[in-house]
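*Asks:* Under this note's numbering, think of the first position of the first sequence as 10, with each following residue one higher. Take a look at the following structure, please.
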Amino acid sequence: MIRTRIAPSPTGKDVHIGSVATALMNYAWAKKNNGKFIIRIEDTDQSRLVPGGEKKMLTTLQELGIIADESPLVGGPFAPYRQSERLDIYKKYAKELIDKGKAYYCTCTSERLTEMRAKQQAEKKVPRYDRFCLSQQETVKKQIEGGMKYVVRLLIPETEIVFTDLIRGEVRFQSSNLDDQVLLKSDGFPTYHLGVVVDDHLMEITHVMRGEEWLPSTPKHIILYDAFGWDKPFFGHVSLLRNPDKSKLSKRKNPVWASEYIEKGIFPEALLNYLALMGWSHPEGKDIFDLEEYIRVFDIKDVQTTAPVFDTTKLEWMNGEYIRQMPIGELKNKVINYIGEGYDEKVIEKTIPLVRERMKKLSDYLPLTEFLFKAPNVYEIPLEKYKETLDKVNAKLGLLSEFSTLKIGEAMVDVAKESGLKNSEFFQMLRVAITGKKISPPLNESMEILGKEECIKRIKAV
RNA sequence: GUCGCUAUAGUCUAGAGGCCUAGGACAACAGAUUCUCAUUCUGUGAACACGGGUUCGAAUCCCGUUAGCGACACCA
Numbered sequence: 010m011i012r013t014r015i016a017p018s019p020t021g022k023d024v025h026i027g028s029v030a031t032a033l034m035n036y037a038w039a040k041k042n043n044g045k046f047i048i049r050i051e052d053t054d055q056s057r058l059v060p061g062g063e064k065k066m067l068t069t070l071q072e073l074g075i076i077a078d079e080s081p082l083v084g085g086p087f088a089p090y091r092q093s094e095r096l097d098i099y100k101k102y103a104k105e106l107i108d109k110g111k112a113y114y115c116t117c118t119s120e121r122l123t124e125m126r127a128k129q130q131a132e133k134k135v136p137r138y139d140r141f142c143l144s145q146q147e148t149v150k151k152q153i154e155g156g157m158k159y160v161v162r163l164l165i166p167e168t169e170i171v172f173t174d175l176i177r178g179e180v181r182f183q184s185s186n187l188d189d190q191v192l193l194k195s196d197g198f199p200t201y202h203l204g205v206v207v208d209d210h211l212m213e214i215t216h217v218m219r220g221e222e223w224l225p226s227t228p229k230h231i232i233l234y235d236a237f238g239w240d241k242p243f244f245g246h247v248s249l250l251r252n253p254d255k256s257k258l259s260k261r262k263n264p265v266w267a268s269e270y271i272e273k274g275i276f277p278e279a280l281l282n283y284l285a286l287m288g289w290s291h292p293e294g295k296d297i298f299d300l301e302e303y304i305r306v307f308d309i310k311d312v313q314t315t316a317p318v319f320d321t322t323k324l325e326w327m328n329g330e331y332i333r334q335m336p337i338g339e340l341k342n343k344v345i346n347y348i349g350e351g352y353d354e355k356v357i358e359k360t361i362p363l364v365r366e367r368m369k370k371l372s373d374y375l376p377l378t379e380f381l382f383k384a385p386n387v388y389e390i391p392l393e394k395y396k397e398t399l400d401k402v403n404a405k406l407g408l409l410s411e412f413s414t415l416k417i418g419e420a421m422v423d424v425a426k427e428s429g430l431k432n433s434e435f436f437q438m439l440r441v442a443i444t445g446k447k448i449s450p451p452l453n454e455s456m457e458i459l460g461k462e463e464c465i466k467r468i469k470a471v
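Structure, rendered in structure tokens:
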């Protein structure tokens, strides 16, 4: 059975948009193959933990519709799914490696390591652990028995590592470029490298699809799998999302937390749809499609290797498409949900058809319709010189027995004619009198929604 | 610096040797519709990083250069 996973670290306040992209791909690949999608929390760096980050990231993923079959939230056959709760497991496997001669203890202080690296750098060498402790393991073991802090290091063998990346094809590394990686830290926590390999193996992960930043550590992982004598999963490395200036997507230049997009009124479906198109394209060239369709047509082999720029303009366009395709009732509910209490639901219902082709995201609703809930107190153009015409407007409005879009329209065209103003000037003036703004949803419809009395009142107030 | 990944318009991409005088989408611009804006429709400009090979033929294969990105921690 195919089992995929994402293994995020709760070191931010929410799930990173790039993690959502890889999560989506992993999720789709599992679902497509009737497999399982797992979320495992890699919280092994105690110093970088952000309080509440894990919970937020888990709930956001759920809101987006990426539902894990196994996770810290729902549990599963390989629980626990949080690395901080699996410490004994890593210790056991680290010990196994030592016994096999594939790893060794190291008691070097950080001072010595820093000094060593500085020296190596001064000599223009690649900084790498000098295996000082390897040469005297017996002494080191005695130090440890005496209570000295220690780490466990992987003994990198002299070899060439070749593997076939699902997305990039064959990749080669010389192990001589690799450092004797720390596997178990002195605080008893594993490093990422030990943690992923042990857990991916134990949790029977078949496809490891993760960000490109992990490509250079994959050889270390392969060495670890071989040291344990375990079967390796397939590896696939997806390109990192970029800022418009091509640098790695960062919160300084873009919102990076998934919930920030939801808070702006981007739909989860639209966000996923857009993310799916980063580094992949629909076989029929479609731009708009839902999760179900994505799962159906997605294939790892179609994933592209170039790193895409995350373009919020196109995301917003896409969200606008979702808004325009959505049934009125559904959009109404989403708007109500988004803007919260304090607005007349009947008015909202009437405005939806007026504004939905003007909205790109839910946060556009209120600025567009504010005037329906509150009379304007500033006018974008001065209206003094139109007082007389406006009186005529009011007189005419007062005569209308049926206050409908159609009747209002007819009446206003009449007044425009009588006033001698050009239609464009007349309607702009009237628009500003009613809404305060030069740009607004259709005027006659808006006036109908406001009602006769309110319109007359607003015109008088000018 | 070392190792690795990548390279089609401003952006996302199609393209797996002849179907490419390079296709689609967003954005831009122009026009039509319209009392504004938006929607919708029509149209325009815009790209194979560079240099060498291989081949009858290269955006597509190979090599090099350049550029961008990533990794070189007791962070993930």
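No residue lacks a Cβ here, since even glycine has one placed at the ideal position from N, Cα and C. All of these numbers come straight from a predicted model, not from anything done at the bench.
Apply the 10 Å Cβ neighbour rule to residue 450 and answer buried if 16 or more other Cβ atoms are within range, or exposed otherwise.
*Replies:* By the neighbour-count rule (16 or more Cβ atoms within 10 Å), residue 450 is buried.
*Asks:* Can you find the residues in the same chain that come closer than 6 Å, C-beta to C-beta, to residue 452, ignoring five residues on each side of it along the sequence?
*Replies:* Answer for residue 452: 440, listed in chain order.
*Asks:* Given residue 169, which residues of its chain have a CB within under 8 Å of its CB, disregarding the five upstream and five downstream residues?
*Replies:* Excluding sequence neighbours, residue 169 sits near 181, 182, 183 and 184.
*Asks:* So, residue 359 versus residue 458, is the Cβ gap smaller than 7 Å?
*Replies:* Yes.
*Asks:* Just to confirm before moving on: does the CB-CB distance between residue 49 and residue 90 stay below 7 Å?
*Replies:* In this structure, residue 90 lies closer than 7 Å to residue 49 by Cβ.
*Asks:* Leaving out five residues on either side along the sequence, give the residues of the same chain with a beta carbon under 8 Å from the beta carbon of residue 437.
*Replies:* Hits under 8 Å: 390 and 447.
*Asks:* Quick check on DSSP: helix, strand or coil for residue 173?
*Replies:* Strand at residue 173.
*Asks:* Rounded to whole angstroms, what's the CA-CA distance from residue 171 to residue 35? Just pull it up for me.
*Replies:* Rounded to whole angstroms, residue 171 to residue 35 spans 23 Å at the Cα level.
*Asks:* With H, G and I counted as helix, E and B as strand and the rest as coil, what does DSSP make of residue 45?
*Replies:* Residue state, collapsed to three classes: strand.
*Asks:* In three-state terms, what does DSSP make of residue 199?
*Replies:* If DSSP states are grouped into helix, strand and coil, residue 199 belongs with the strands.
*Asks:* Measuring alpha carbon to alpha carbon, tell me which residue in 263, 430 and 40 is nearest residue 12.
*Replies:* Nearest option by C-alpha distance: 40.
*Asks:* Are there 16 or more other CB atoms within 10 angstroms of the CB of residue 408, so buried, or fewer, so exposed?
*Replies:* The residue in question, residue 408, is exposed, as its Cβ has fewer than 16 Cβ neighbours within 10 Å.
*Asks:* Where do the ends of the beta strand (DSSP E) carrying residue 15 lie?
*Replies:* Unbroken beta strand (DSSP E) run through residue 15: 12 to 15.
*Asks:* Here's a check: name, in chain order, each residue in its chain whose Cβ is nearer than 8 Å to the Cβ of residue 287, leaving out the five neighbours to either side.
*Replies:* 30, 250, 317 and 319.
*Asks:* Between which two residues does the beta strand (DSSP E) holding residue 246 run?
*Replies:* Where residue 246 is concerned, the enclosing beta strand (DSSP E) stretches over 243 to 247.
*Asks:* Which residues share a DSSP beta bridge with residue 326?
*Replies:* In DSSP, residue 326 forms no bridge with anything.
*Asks:* Short of 8 Å in beta carbon distance, which residues of its chain neighbour residue 270, apart from the five on each side in sequence? Order them along the chain.
*Replies:* Counting only Cβ-Cβ distances below 8 Å, and skipping sequence neighbours, we find 26, 264, 280 and 324.
*Asks:* Is the separation between the beta-carbon of residue 47 and that of residue 32 shorter than 7 Å?
*Replies:* Going by C-beta atoms, residue 47 is not nearer than 7 Å to residue 32.
*Asks:* For residue 112, which residues in the same chain have their Cβ closer than 8 Å to its Cβ, ignoring the five residues on either side in sequence?
*Replies:* If we look at residue 112 and ignore the five residues flanking it on each side, its Cβ neighbours are 103, 106, 161, 162, 163, 164, 192 and 236.
*Asks:* So for residue 318, helix, strand or coil by DSSP?
*Replies:* Here residue 318 sits in strand by DSSP.
*Asks:* Determine the DSSP secondary structure at residue 27, reduced to helix, strand or coil.
*Replies:* Reduced to three states, the DSSP call for residue 27 is helix.
*Asks:* Inspect the CB distances between the region 114 to 125 and the region 67 to 80 and report whether three or more fall short of 8 Å.
*Replies:* Output reads no: the region 67 to 80 does not touch the region 114 to 125.
*Asks:* Beta-carbon within less than 6 Å of residue 384's beta-carbon, same chain only, minus the 5 sequence neighbours each way: which residues are those?
*Replies:* Taken in chain order, the residues that qualify are 467.
*Asks:* Among 313, 187 and 259, which has the Cα closest to the Cα of residue 135?
*Replies:* Nearest option by C-alpha distance: 187.
*Asks:* Where do the N-terminal and C-terminal ends of the beta strand (DSSP E) with residue 126 fall, by residue?
*Replies:* Here residue 126 belongs to no beta strand (DSSP E); instead the alpha helix (DSSP H) covers 119 to 131.
*Asks:* Classify residue 10: buried if its beta carbon has 16 or more other beta carbons within 10 angstroms, exposed otherwise.
*Replies:* Exposed, by the Cβ-count rule.
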